[in-house]
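Engineer: Line by line, the protein sequences give chains A and B. The working numbering applies: residue 1 is where the first sequence begins, and numbers increase by one. The working numbering applies: residue 1 is where the second sequence begins, and numbers increase by one. Glycine is no exception: its CB is placed at the ideal position from the N, C-alpha and C atoms. Can you keep this structure in mind? I'll have questions shortly.
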Amino acid sequence: MPERFEQLILPHMDAAYNLARWLVGNPADAEDIVQEAFLRALRFFDGFRGGDSRAWLLKIVRNSSYSWVRKNRPAQLADEFDEMLHSGDTSGENAESTLLSRAESERVREALETLPLAFREILVLREIEGLSYKEISEVTGVAMGTVMSSLSRARQKLRDQLGAAPRKED
Amino acid sequence: MDCTLHRHLLEAYLDGELGFERTLEVEAHLASCSICSSEVQSWKDTRTKMQGTELYHRAPAQLEGKLRKLLPPTRTERIPWFQPLFWVAGGAAFATAMLLLSFLFMRPAGPSPAQAIVASHIRSLMAEHLMDVISTDQHTVKPWFDGKLDFAPPVQDFAADGYPLAGGRLDYLDNRKVAVLIYHRALHIINVYVWPAQDNGSSAISTQTVNGYNVVSWKKNGFEFRAVSDLNAAELRDLARLFMP
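This is the structure we're talking about:
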């Protein structure tokens with residue numbers, strides 16, 4: 001059992017940490033969450049019937065991260081579907097260094113960090129972790145069709161945040 | 001095609017989630033619609049920025065050690081309730097190992113099971129023995145294989161297409177020496193296993209998924225190819241297509 005766990009689950013440690021880090025927003029808590037998720041994974045490993053071990057682990061990491069957010073940052077869940085983003089906050093914070101002068105990926109990172117949790121999550125899974133719609137549906141527990149539409153909304157949000165030209169309406 | 005109907009289709013196209021025919025349809029549309037093609041280009045640019053190293057949070061070095069400590073000890077006396085599970089899983093692992101061994105020894109030469117390739121891919125990542133020769137230059141990697149193998153694997157760099165060559169290594173599969181080419185795609189590592197096929201033919205690209213890893217197989221000019229990665233299947237198939245223009 002430890003050997004099989006080691007082979008199937010341990011290699012996805014980076015993916016686990018990356019997701020936790022993006023969801024909770026700081027390294028120390030992300031590390032705690034990954035450890036907690038691994039403990040849970042070990043406990044439930046018996047119920048893992050083969051298939052996609054990365055999606056299986058990420059699902060556990062996601063649950064642990066959401067529990068953490070619910071407990072420590074409940075406001076994030078409250079404005080999860082809040083269409084109005086308080087973008088004023090971030091520009092005020094960095095008044096002295098303009099967004100334009102910063103490296104491009106740094107801008108994207110900041111934009112992504114200010115997105116509501118659900119949008120940030122789906123973009124991290126798709127664009128940074130490279131999961132397919134099917135895998136995202138497995139990790140988040142939402143239907144494939146919903147994955148498509150939330151991804152679309154998340155992209156729109158990221159774009160708005162980046163101040164890109166608005167996309168044509170459908 | 002009506003442009004306003006295209007948004008979801010366009011995104012599914014961007015995500016490599018469309019079937020073959022739909023992909024062709026969208027590509028035909030993109031050729032004639034500047035709004036959609038600049039839309040696609042603009043998202044691809046953003047995607048490139050997101051896939052840079054800055055945005056991927058790799059696990060800190062000390063985390064692996066901490067996680068290993070969480071694994072149950074091999075001696076199980078301290079947690080007696082665990083023991084039956086251990087034996088069942090151990091038995092299963094032993095059976096799997098035997099099955100793999102029997103595959104290795106009893107099967108005639110030919111395509112190895114995807115499982116064995118994925119196991120080899122994982123080993124290459126874990127043992128920090130990914131590369132024997134580290135070079136992004138195909139003219140360094142190709143000669144390196146000379147004299148180490150009884151065949152000359154085709155070595156190409158696809159940096160221009162977003163799949164830079166990172167190096168090469170020797171490995172064993174199905175009881176024979178094989179060449180492995182290592183490519184990068186954003187932060188994903190791709191191992192491409194190459195060995196001589198039994199005939200000179202070519203074959204179509206096929207995809208399998210084993211434990212979250214994608215294995216893309218094809219045959220070209222008398223060589224068998226297996227590309228393995230945690231990269232999504234669509235982009236892995238794109239790499240395969242670069243090998244067989």
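In this structure, does DSSP put Asn94/A in helix, strand or coil?
Structural biologist: Annotation note: pLDDT 43 at Asn94/A (below 50); position unreliable, coordinate value reported separately. Residue state, collapsed to three classes: coil.
Engineer: Chain B partners of Gln161/A, CB-CB under 7 angstroms?
Structural biologist: Those within 7 angstroms of Gln161/A in chain B number zero; the least Cβ separation is about 11 angstroms.
Engineer: Do Ala37/A and Ala55/A have their beta-carbon atoms positioned less than 8 angstroms apart in this structure?
Structural biologist: no
Engineer: How long is the line joining the alpha carbons of Val141/B and Gln115/B, rounded to whole angstroms?
Structural biologist: Whole-angstrom Cα-Cα distance: 27 angstroms.
Engineer: Evaluate contact between the region 3-15 of chain A and the region 61-69 of chain B, counting only Cβ atoms and requiring at least three cross-stretch pairs below 8 angstroms.
Structural biologist: yes
Engineer: I'd like to know whether the C-beta of Gly212/B is nearer than 8 angstroms to at least one C-beta of chain A.
Structural biologist: True, the Cβ-Cβ gap to chain A drops below 8 angstroms.
Engineer: How is the beta strand (DSSP E) around Glu21/B delimited, first residue to last?
Structural biologist: Here Glu21/B belongs to no beta strand (DSSP E); instead the alpha helix (DSSP H) covers 20-32.
Engineer: Strictly under 8 angstroms for the Cβ-Cβ distance: is Ile79/B near chain A by that measure?
Structural biologist: Here the model assigns Ile79/B a pLDDT of 47, short of 50, so the residue's position is not dependable and the matter cannot be decided.
Engineer: Ignore the nearest five residues each way along the sequence and tell me which others in Ser252/B's own chain have a CB closer than 8 angstroms to its CB.
Structural biologist: The requested residue 252/B does not occur in the structure, where chain B is confined to residues 1 to 245.
Engineer: Could you tell me whether the Cβ of Thr209/B comes closer than 8 angstroms to any Cβ of chain A?
Structural biologist: yes
Engineer: Does DSSP classify Gln161/A as helix, strand or coil?
Structural biologist: Residue state for Gln161/A is assigned as helix, using DSSP reduced to three classes.
Engineer: According to DSSP, is Ser229/B part of a helix, a strand, or is it coil?
Structural biologist: strand
Engineer: When Cβ atoms are compared, which residues of the region 12-40 of chain A fall closer than 8 angstroms to chain B?
Structural biologist: His12, Met13, Asp14, Ala15, Ala16, Tyr17, Asn18, Arg21, Trp22, Pro27, Ala30, Glu31, Val34, Gln35, Phe38, Leu39
Engineer: Measure the C-alpha to C-alpha separation of Leu112/A and His121/B and round it to an integer number of angstroms.
Structural biologist: 32 angstroms
Engineer: Counting contacts by CB-CB distance shorter than 8 angstroms, is Ala154/A in contact with chain B?
Structural biologist: Judged by the 8 angstroms Cβ criterion, Ala154/A is not in contact with chain B.
Engineer: Please return the same chain residues whose Cβ sits closer than 6 angstroms to the Cβ of Ile122/A, not counting the five positions on each side in sequence.
Structural biologist: Ser150, Leu151, Ala154
Engineer: Shortest alpha-carbon distance to Ser37/B belongs to which of Arg22/B, Arg7/B, Leu187/B?
Structural biologist: Arg7/B
Engineer: By the three-class DSSP mapping on this structure, what secondary structure does Ala240/B have?
Structural biologist: helix
Engineer: If the cut-off is 8 angstroms on Cβ atoms, which residues from the region 42-54 of chain B count as contacting chain A, listed in chain order?
Structural biologist: So the list reads Ser42, Trp43, Thr46, Arg47, Lys49, Met50, Gln51, Gly52, Glu54, given in the order they occur along the chain.
Engineer: Please classify Pro60/B: does DSSP put it in a helix, a strand, or coil?
Structural biologist: coil
Engineer: Straight-line CA distance for Asp171/B to Val180/B?
Structural biologist: 7 angstroms
Engineer: Can you name the start and end residues of the alpha helix (DSSP H) that Leu117/A belongs to?
Structural biologist: 117-123
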